[in-house]
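Here the structure is laid out as structure tokens; the discussion comes afterwards.
There are 2 protein chains.
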Amino acid sequence: MGKTLTISQMCEEFGVTPRTLRFYEDKELLSPIRDGQKRLYTKREIGRLKWILHGKRFGFALEEIRELLELYYLGDQQETQLRRTYEVGVKHLETLRAKKEELNSSIDDLEELLATCRELIETLPNKQTAAE
Amino acid sequence: MGKTLTISQMCEEFGVTPRTLRFYEDKELLSPIRDGQKRLYTKREIGRLKWILHGKRFGFALEEIRELLELYYLGDQQETQLRRTYEVGVKHLETLRAKKEELNSSIDDLEELLATCRELIETLPNKQTAAE
DNA sequence: CACGAAGCTTACGTTAACGTAAACTAGACC
DNA sequence: GGTCTAGTTTACGTTAACGTAAGCTTCGTG
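For the protein sequence lines, the chains are L and X, in the order given.
Just so you know, we're using numbering that gives the first Met the number 0 here: the first sequence kicks off at 0 and counts up by one.
Just so you know, we're using numbering that gives the first Met the number 0 here: the second sequence kicks off at 0 and counts up by one.
So this is what it looks like as structure tokens:
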């Protein structure tokens, strides 16, 4: 079996706390194997955690992320389930693309605002530290 | 004065509840004018709300958004304050750009996963409703 | 004038996503 | 054998972002 990480190594690696990892496990987003009592995180769990963190940064709820995570263990599922999983993925992809559009226009807007702001600053070159 | 919207018009327009708008006001993200008791939302508040909703969809906290919103009333601020506001905006822009990168690679990853998933489905054209 | 619709304030409730503390265990090292 | 370190379970606490309900005002209309 491949290399595994302990919980503290995981925390180090991804900047999360043990509590967070156990919480995700409780919510069935992760399912590390056990060495006695201790959790060991395989490559699969690492991949899943990466997705979780991505998802979070884009404002998805853990529950939404969980559904998508099924794409990560395309094991011996039934066809029906496989198709359903695929559909979830497609929908998520559409959402991501929409977010991309929105993000791009947000960036454009902000750039414009900053330009205006820059002008404003430059047209006030008088160093009046106007104590109000 | 320009056109203003009532609270229910705002809710209709942006798909939020009155409670949400009052909450944002309480947190000083919005500050509608008053007609007696009633709130009236000007163009400025509308612009701000748009930003708030954008920000939320990208996973920013209200408090982070609030800072950025100062870019929206570049009124008669002191230069120091103006520069600070500008800096906040620049930082936010960087964050957005980073998110854009992450988003793009997430999209790529997901597309790949979906391709794999599609193959898997196609290589199983046997309609075995394998009851486990 | 009654009253219904729209809005208001005040305040307690709820959910997601963890934080934090207490008390236990199991292997490592002196 | 003691104790240090890393890890565990259990359970209550916390924060953000609203939901929800109660009771009051104001305005237009029959």
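Ideal Cβ positions, reconstructed from N, Cα and C, are used throughout, including at glycine.
Would you mind reading off the limits of the alpha helix (DSSP H) that contains residue i?
| i | result |
| --- | --- |
| L:M49 | Per the sequence shown, the amino acid found at residue 49 of chain L is Lys instead of Met. From DSSP, the alpha helix (DSSP H) with L:K49 extends over K42 to R56. |
| X:T79 | E78 to E121 |
| X:Y23 | P17 to D25 |
| X:L61 | L61 to L68 |
Using DSSP bridges, identify the partner residues of residue i.
| i | result |
| --- | --- |
| L:L39 | L:I32 |
| L:L4 | L:Y40 |
If the cut is a Cβ gap below 8 Å, which residues of chain L does residue i touch?
| i | result |
| --- | --- |
| X:C10 | Correct list: empty, because the minimum Cβ distance to chain L is about 21 Å. |
| X:Y85 | L113, C116, R117 and I120 |
| X:R96 | I106 |
| X:E63 | Per Cβ cutoff of 8 Å: no residues; X:E63 is ~12 Å from chain L at best. |
Using a C-beta to C-beta distance shorter than 9 Å, which residues of chain X count as neighbours of residue i?
| i | result |
| --- | --- |
| L:G58 | K55, R56, F57, G58 and F59 |
Give me the chain X residues within the contact set of residue i, using Cβ-Cβ distance strictly less than 7 Å, ordered along the chain.
| i | result |
| --- | --- |
| L:V89 | L113 |
| L:L70 | L112 and C116 |
| L:L109 | G88, H91, L92 and L95 |
Using a threshold of 7 Å, is the CB atom of residue i nearer than that to any non-hydrogen atom of the ligand PLP?
| i | result |
| --- | --- |
| L:R47 | Of the ligands one can find in the structure shown there are none, so the ligand PLP has no counterpart to examine. |
Assuming residue i and residue j form a contact by the criterion Cβ under 8 Å, report the distance between their Cβ atoms to the nearest whole angstrom.
| i | j | result |
| --- | --- | --- |
| L:Y85 | L:R47 | That pair is no contact at about 18 Å. |
| X:T5 | X:T41 | About 12 Å separates the two Cβ atoms, so there is no contact after all. |
| X:I120 | L:L95 | Not really, about 21 Å apart at Cβ, beyond 8 Å. |
| X:R56 | L:E66 | That pair is no contact at about 19 Å. |
Applying a beta-carbon distance threshold of less than 9 Å, which residues of chain L neighbour residue i?
| i | result |
| --- | --- |
| X:K99 | K99, L102, N103 and I106 |
| X:L73 | L112, T115, C116 and L119 |
| X:L81 | C116, L119, I120 and L123 |
| X:E24 | Result: empty, since nearest Cβ-Cβ is about 22 Å, beyond 9 Å. |
Under 8 Å between beta-carbons, which chain X residues line up against residue i? List them in chain order, please.
| i | result |
| --- | --- |
| L:L48 | Correct list: empty, because the minimum Cβ distance to chain X is about 14 Å. |
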